[in-house]
Each structure stands twice: as structure tokens, then as C-alpha cells.
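In our numbering, the protein residues as written are -4 to 671.
Below you'll find the structure, written out as C-alpha cells, and then a few comments.
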């Protein structure tokens, strides 16, 4: 998992995998003394520099080029596309009507890819197992990782976008307190340059952090948080510790957590948090579980059987075996299912977590967001070992029911996907890491339509979806998972521009379309690959406007931004077919219950009591609310599904009055801050 190049260096920008020999050369031997330090490569100076070559970063780069800007795209690994090319081929959408612009172009190009006969190697097109609901006349929403990679590589070559692969941001801490960090140059609130571990310097007028981790955002000194906010912080009901709501993807009743059944003195089995679960609704440091999205196949000529990995630990799967043994005789087929095996073309799948013990490595990623590269790689390797061992166990262990062994054993990794890893890939499914805290924080209220926005730069439409964050022992002495939330039944909603930009006092030339400003539960709805692409296109549009107008990204006129987004096919409002009556408790555009009317003169100099969430009118600049309280820290670390409509009634309407009171009493300038 080491991303650093060994003897290969990037001689020039990478445009396409079709031309590898023209772009990769052996590192030149020094003609002088053998111990002479290599000369630093010349700085790269562009209008816009994008850190993160996932699908969002590529969408931003395409838009920047279309707006006449020079752009450099930096990808820390060797493979572009992130999760979109990393196994997540069964696209999570919510409502396809709100996906427009470059994101829609991608899914249209996916469809075009499969119109070519040579795209069908392992089955005929009429044998495709993908649901017709995902195969629209103009766009396909399910695809192989290799198909997504081919489309995105074609885009890079077509638009001659400079891609610098295997270039990781230098995240070395400052040599002394108060000293500048080696990886960034910043004058006041403006980033002037960033540096990678290879010593390459990138200079730009505007930067975009498109990574899943938010590394550039953190290095720039922008406020952010990690983990779950308390419900009281933003007047939510679905945030914080959620033991009462943890019904889905759950263990069967009665599973013993002890190493020796019935003997607490023997200790707990692996990966059960002895400090959990924490106080209901309270904040904590825990993040959604990670996994690898697997691309499997049942075609015998393309299948690699699941192998027992080196370092396999049977005790890691004892809870799985006990859960299978505890399966009630009355359990339905759906309750017995141990994975989501979503079909893709060519007899392949996008395989994801399902049930109480599956591909999610629950509770083993808490350190990942802030960790250095070496530690992140160690965490990723443990996730890979866990998942390889899981699949071998399900296919081969004698305590696994024979019907499950037969079902799982019919599948395997694919020979023609992720060939360098024997079908296993490098892209960890980072469901959440850092989340920026800016003047606008997207919350549960925006998702459910109680608060609306006047500065839309794209729509989100997915269920509020959090995977489990911890495994603990309940009051009855049985093992339980906690953190899963699946609440939907709300129409598409806008994401505000101010959630993509930091406060101007912290950084005035950075946009963050992936690790945007949102609470844990709101982020669970927004965090979909097509939405990230939509937001990244809008971020690049805003960056180009900021350059043209020689102003901060917070100051560009929204009317002009909106006009360009609409002309480029972005969808900023709910389509008529998706419109429903506003909630009875709807508020005016993004105004908390106690907020004054929207003030068209809202600026950095607004009174301290002004709302941080008031939206500017269409003709005003997109300016900040009062600066962040720099003495504020992240919430204290607390150590101590499917019936969505019913759950929404239970979890939202009943406590709404209390939630409003908490929302009204919060300090709008006391935001969490946690700098790397």
C-alpha cells in the first residue's frame, strides 16, 4: 500500500494510461557525487490546483478547463477515480433527476461504453443482470470499475488535463510551535503554494481539496470536526450516540461477547469496545465503519477463489460464527443475508456490507482521519486482512452453514479487475473522515426540508444513512452494533455554496466539495459519488469566477455563479416531479428559529449575535458570518432500517419541540476546531 514511487518519476503530466512510455521515465543518475542531493523539480504554476484525483476532482478539473483556466490535478495514488473506479459501481443516487452537469455526462458515457460490442466479454448484453431501473435511455448507473476507469482516463486525455500521480501532500508537522508547515505556503488567509513529499511545489490562485480525508483543508488551518456531534449542538435528533435506533444490520438476540461463553472474566472477543456505547445523543469521536467495495464474479473463467490470507486470525470471526449459530429458525431470507451483492455488467458485482457481521470493519478506523500516511496504510492493510479472512471464512469454515458456504463459494475475486492485487484493490471505502465547519453547516434540518437555502449549488437526494460506528455490550450482556441510521422519505434538497468554502478569515482561496461543512448525519445523506461530482463542478466554477473577479471565493456574486451553473446543466432546484408539499414546520431560507430576517448586508463585520446560517439574496456576495471562535475545540470524546417512514415519525416529530429549543440556544460562533 506504499504510494511513494521507487525508481519511477513523473517526467511530465499524465494524460492517459494509453501513453505510459511517453510519460514515465527512469530517474536520471546524478553525474556528480553519488551522495549529491537531487535537484528539486521546478514549481508548477496554474490557475487552479486540485488535490485529489477521485471522480469529484476530475469533474472539477474538466470544468476548470471548460472555463478557460489552467489546472493541475494531483492524485496521491497511482489510480484515478477514487471510489467510482474503486468498486462502487452500483451508484447510490436517491433521485436521478437531480444529477446534472458533468456528473450526468459521466453516467451517459458509461452507457455509451456498454453500447460497444467489445465491452461485453463475459456475457451478452441481453444477459445483463442489472435492473432495468438502473439502465436509463440516456444514462447507466451500474458499471464495472474498469469501465469507469476507461471513461475517466478518456476525459483526462480528451481535455489534456495535467495529472500528477503518486504525489502526496507533505503533511510533516511544523518543526517548532508557530513555525510554518513544510507542506504549505500561506500568506494571511491565502494559500500561495503546496508541496508534496517528492518535493514538487504547486502554486495557484485557487485550490480545491477533493480528497475524502480533507488533508489540504486541515493543513491550511481551516476549522473542521471528526466524529458525531451531540444532538443538542444543532437541534438534531439523529446525531450522536444512537443505541435506541440501532435496529438494522444488527446481531441476532443472545450473542455472547465473551471469549469463553458466559465467562466475563475471560475478556471480550476482538473489536468490541469496552467503553461503549456512551450517553444517548451525546457527541463522540467515532466515524462510520470502512470496508472495501468488492467486485466479485461467478464466471468460472474469470473467478479467483477466496484464499485464506497470511496472518488469518480465527478469533476475529468468532462473533460471526456465533451470530450465524444464533439465527432464529423463523428468520427470513433477507435477515439471513450476509452481504449486498449488487449486479454489474459482465457477471460481476458491487458487494457491500449487510447484517450484523459483514464487510464493515466496525470500530477499527477511528484514528484514520488524522493519521500520518504510514498509520493510514497500516489501518488499510488490517481492513484488507479482515475482509480477505471474512470471505474465506464464509466460503470454507465448517461452522458456517453449508448453504452459505455454497452460496459464497460460488463467487470470487475477478481476474480482470484490480489485476495488480489479484482482484483486491487499494481504495478503502472512506465513508467519512474530517468535515469542515464553515459559516453554513448542513444539518438534518436541511435534509428534511425544515430549513432551506438561497445559495444552492447542487442537490442531494439520498437517505440519511450512517453505517455502524461501534460494537459494544448491552445491558443484558449481549453484543450489539451501534450507529446505523437509515431515515428517508424526504424529497431532494439543495446544498448551499457556503458549505463548500471556509470562513474568509481562515482561508479565502480554497474550496472543499467532498469534506464539506455538514454534521455527521447530514453528511450521511450528502456523501454520494454523483453528488460529490456535482459539488466539485460547482466549486471549480466558483474558483474560475473568483480568479476572473480577483476576489475571495467567499465574495463572488451568487447571481453570476448560479447563471453559469444552470447554463452548464447543473440542477439547483427540486424537479417538479420530485416536489412535495413543504413540511408544516418549514422555516424561511436557512434561518434558525430565533434568527432575524435575512440581511442583504451580511458580511464578516456582522454583529456577533447574527445567525451564521442566513442566506444572502440572489444579488449579493457570498460572504462569511462572524469569524470562528478559535478557542473552541472538537466535541468531548465520550468514552463512558428499513421502516423509514415509521422511524422518521418516531425520531423526528416527537422530539421536534425540544430540538428547536436546543437549536435556538446554541452559540453560532462556537464551532469545533481540530487542526493536524
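Beta carbons: idealized from backbone N, C-alpha and C, even for Gly.
The structure displayed is predicted, hence computed values, not measured ones.
Candidates the options, of which the one nearest residue i by Cα
i, options, result
"residue 219", "439, 447, 365", "365"
"residue 411", "297, 67, 70", "297"
"residue 568", "514, 58, 90", "90"
"residue 246", "128, 495, 553, 463", "463"
"residue 33", "377, 395, 193", "193"
"residue 514", "438, 481, 482", "438"
"residue 215", "255, 309, 273, 502", "502"
"residue 427", "241, 111, 282", "282"
"residue 677", "213, 191, 406", "In the structure displayed, the chain extends from -4 to 671; residue 677 sits before or after that span and is not available."
"residue 76", "261, 309, 240, 158", "158"
"residue 436", "228, 309, 196", "228"
"residue 165", "363, 120, 57, 211", "211"
"residue 274", "223, 318, 259", "223"
Own chain partners of residue i with C-beta closer than 8 Å, once the 5 adjacent residues on each side are dropped
i, result
"residue 225", "234, 235, 276, 277, 278, 630"
"residue 95", "529, 564, 565, 566"
"residue 325", "none"
"residue 378", "285, 286, 287, 356, 359, 360, 423"
"residue 509", "47, 49, 51, 204, 205, 206, 207, 209, 527, 530, 531"
"residue 409", "290, 291, 292, 297, 298, 299, 343, 418"
Integer-rounded CB distance, given that residue j should sit under 8 Å from residue i
i, j, result
"residue 531", "residue 548", "Wrong, their Cβ atoms sit about 14 Å apart, outside the cutoff."
"residue 249", "residue 473", "6 Å"
"residue 384", "residue 304", "6 Å"
"residue 392", "residue 316", "7 Å"
"residue 340", "residue 138", "7 Å"
"residue 306", "residue 423", "The pair is not a contact, with the Cβ atoms about 18 Å apart (cut-off 8 Å)."
"residue 80", "residue 144", "4 Å"
"residue 478", "residue 241", "7 Å"
"residue 134", "residue 99", "6 Å"
In DSSP terms, what residue i is bridged to
i, result
"residue 46", "69, 204"
"residue 345", "337"
"residue 528", "Paired residue(s): none; residue 528 is not in a bridge."
"residue 374", "Note: residue 374 sits in no beta bridge, so no partner."
"residue 408", "291, 299"
"residue 181", "186"
"residue 164", "191"
"residue 266", "BP columns for residue 266 are empty, so no partner."
"residue 275", "236"
"residue 196", "190"
"residue 220", "430"
"residue 137", "85"
"residue 159", "69"
"residue 488", "455"
"residue 40", "198"
"residue 255", "258"
"residue 415", "According to DSSP, residue 415 bridges with nothing at all."
"residue 480", "461"
Beta-carbon proximity list for residue i, same chain, < 6 Å, skipping 5 on both sides
i, result
"residue 271", "465, 467"
"residue 386", "301"
"residue 167", "177"
"residue 404", "390"
"residue 114", "108"
"residue 672", "No information on residue 672 is available, as it lies outside the stretch -4 to 671 that the chain covers here."
"residue 491", "435, 448, 450"
"residue 636", "Any reading at residue 636 needs caution, since the residue's pLDDT is 34, under 50, leaving its predicted position unreliable; the model's value is listed next. Closer than 6 Å at the Cβ level, and outside the excluded window around residue 636, lie 243, 481."
Same chain, Cβ closer than 7 Å to residue i, five either side skipped, listed in chain order
i, result
"residue 187", "180, 181, 198"
"residue 333", "349, 350, 353, 389, 399"
"residue 267", "252, 466, 467, 468, 474"
"residue 559", "536"
"residue 64", "42, 43, 539, 542"
"residue 496", "433, 506, 548, 549"
"residue 520", "442, 455, 457, 458, 459, 460"
"residue 73", "160, 161"
"residue 342", "117, 118, 292, 293, 294"
"residue 269", "263"
"residue 516", "231, 233, 234, 439, 459, 461, 480"
"residue 163", "-2, 71, 191, 192, 368"
"residue 476", "241, 244, 245, 246, 351, 357, 463, 466"
"residue 420", "81, 82, 287, 413"
"residue 265", "310, 311"
Proximity test, Cβ basis, 8 Å: residue i and chain C
i, result
"residue 416", "This model lacks chain C altogether, as it is built from one protein chain only."
**OP:** Could you name each continuous beta strand (DSSP E) segment of 3 residues or more that falls completely within the stretch 429 to 475, going from the start of the chain to the end?
**Re:** 451 to 455, 459 to 461, 465 to 468
Subject >> Whole alpha helix (DSSP H) elements within the stretch 535 to 580, 4-residue minimum >> reply: 553 to 562
Original post:
For the stretch 53 to 113, which segments carrying the alpha helix (DSSP H) assignment without a break, of at least 4 residues, lie completely within its bounds, in sequence order?
Top reply: 96 to 108
Subject >> Complete beta strand (DSSP E) runs within the stretch 496 to 523 (minimum length 3 residues, chain order) >> reply: none
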